[in-house]
Each structure stands twice: as C-alpha cells, then as structure tokens.
C-alpha cells in the first residue's frame, strides 16, 4: 500500500486530498478542506513504514527544512515516588525537553506502578534523554524516560531517524577504535498501557495541581556526534 492510501486510512479526512512528490523524501499534500488540513497539522507523531512524517505549512518560496527539526512525542516518566505524581512535577521535568504541550496523570495516582505522561518536542539532532536525577528537599531519585510510538531509533547513538545497523556514528567509532556498547535498549520504547488518564495541563492552561515538586539536579545525555536523520518530510497546503 502506497503513502497516500496508507495515510488516507489513518487520517480519515472528510474530503479527498492529493499527493505530489516535490523532492527527495519530500511530498506535498493538497487538502480540499481547511478543517482536514488543520486536523492533520495538529496531529502528533504521524508515521509511515517505520519513519516519522514531519509536517509543515506549505510555502511557495521555499521547501528547505531547518536542520534542527523537532517532533512531538509522548514520554512516560517512570520511577517517581507516588507523592510526587502531579501536574507540576510533569511540567518541571518536561521543560528539560523544551516545549511541553500536555501533562497526563493516572486517575488513581496513589496506585503503585503508575507514571506520569507528558507530550513534548524532541530535537532530532540530539540523542534522546534516558532520564534525570530529581530532588525534593533532601530526597533524590533517578527517573527514567520511555517513549511511546518510537520509530526508526538507533540503540547505539540514541537518535531518531536510522537503525543501529545503518548508524554512521557507530561506523565512525569502530573506524577510530572508539566503539562502545551503547546506553540504550528496548526499555526506551514504552507501551501505551491500559491505565485511565486525566489531562491536567495543556499549552493554553495553567497547571491545575499545586504540590511540592522536584527540582532537576542532573541530566544524562549521551552525545556522540551530529545527527543525520533520514526522515520522510512533507508539506501541506
């Protein structure tokens, strides 16, 4: 099944749209309905054939892309003490990524095993954050990050856009006798889970939960070299 047919089944637009190849891995989508277009543009983490689709409003003057492209991903925060599970905690941790769009908490936050869930922007040039050390008062704890719907991820360099088998960073390290086992594994990929969630924050609302929240004291980022993500890029109009 081709790109247009696959996305048509996923997007389920009210009116038909057309697809045109305008460059290497770059397509133009033309929608007959403004409502359809806005629904697609505001959707999160569209993917095709294991690759993320980066969407932008069409510009007739240029189809160049910023090297620091970002995608929006749901990130689960695991390892928080139960009394730290709050919207304020999610906001503070989420700011490590930059933009925070949503914070979700389980409806029964006191049940063991629950976690926070945040929607954030992730820079494609940087390795994914594996976690952070946070502190409240004299108490410190390491929390781990797990990413939902993670596609085309390299367990060696920690970047989105290619597999470990096709990692230029790994080949370069082997060539220079700097090869290492890596710091990522299957654990970085999260399942969506079956818990019931409540939205307690979005980008246009203030956080609704006021509790003592942790302060980020240390982050661990594995930085190897510049990324060369090969992602499917599209423009819409």
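In full-length UniProt numbering, the protein residues as written are 1 to 237. Ideal Cβ placement from N, Cα and C applies to all residues, glycine included. Bear in mind that the values here come from a model prediction, so they are computed numbers and not experimental data.
Kindly give me the distance between the Cβ atoms of residue i and residue j, rounded to whole angstroms, as I take these residues to be in contact under 8 Å.
i	j	result
residue 101	residue 119	4 Å
residue 22	residue 73	Rounded, the Cβ-Cβ distance is 26 Å, inconsistent with contact.
residue 127	residue 114	Contact flag wrong, Cβ pair sits at about 27 Å.
residue 117	residue 151	Actually they are not in contact, since the Cβ atoms of residue 117 and residue 151 sit about 18 Å apart, beyond 8 Å.
Could you give the first and the last residue of the continuous alpha helix (DSSP H) run that contains residue i?
i	result
residue 9	3-11
residue 93	87-94
residue 169	168-175
residue 38	34-41
If you follow the beta strand (DSSP E) that residue i is part of, which residue opens it and which one closes it?
i	result
residue 18	17-23
residue 138	Where residue 138 is concerned, there is no enclosing beta strand (DSSP E), given that its DSSP letter is neither H nor E.
residue 183	Premise fails: residue 183 is in no beta strand (DSSP E) and is neither H nor E.
residue 78	70-78
residue 49	Counting along the chain, residue 49 falls outside any beta strand (DSSP E), and DSSP gives it neither H nor E.
residue 121	116-123
residue 28	26-31
Quick one: residues in its chain with C-beta nearer than 8 Å to the C-beta of residue i, no 5 flanking neighbours on either side, listed in chain order?
i	result
residue 33	13, 14 and 15
residue 48	3, 6, 7 and 232
residue 40	11, 13, 29, 31, 46, 55 and 236
residue 85	105, 106, 109, 114, 115 and 116
residue 179	170 and 173
So which of the options has the shortest CA-CA distance to residue i?
i	options	result
residue 35	11, 20 and 19	11
residue 79	140, 57 and 98	140
residue 134	93, 85 and 176	93
residue 98	83, 81 and 124	124
residue 184	191, 177 and 147	147
residue 190	158, 149 and 179	149
residue 188	158, 177 and 138	158
Near residue i, which residues of its chain fall below 7 Å by C-beta distance, leaving aside the five closest residues on each side in sequence?
i	result
residue 131	142, 143, 144, 145 and 220
residue 18	30
residue 81	141
residue 83	none
Give every residue of the same chain whose Cβ lies closer than 6 Å to the Cβ of residue i, excluding the five residues on either side of it in the sequence, and list them in chain order.
i	result
residue 156	164, 167, 170 and 182
residue 153	160
residue 95	none
Whole runs of the beta strand (DSSP E) within the UniProt domain "CCHC-type" (154-167), excluding any shorter than 3 residues: Whole beta strand (DSSP E) segments, 3+ residues: zero.
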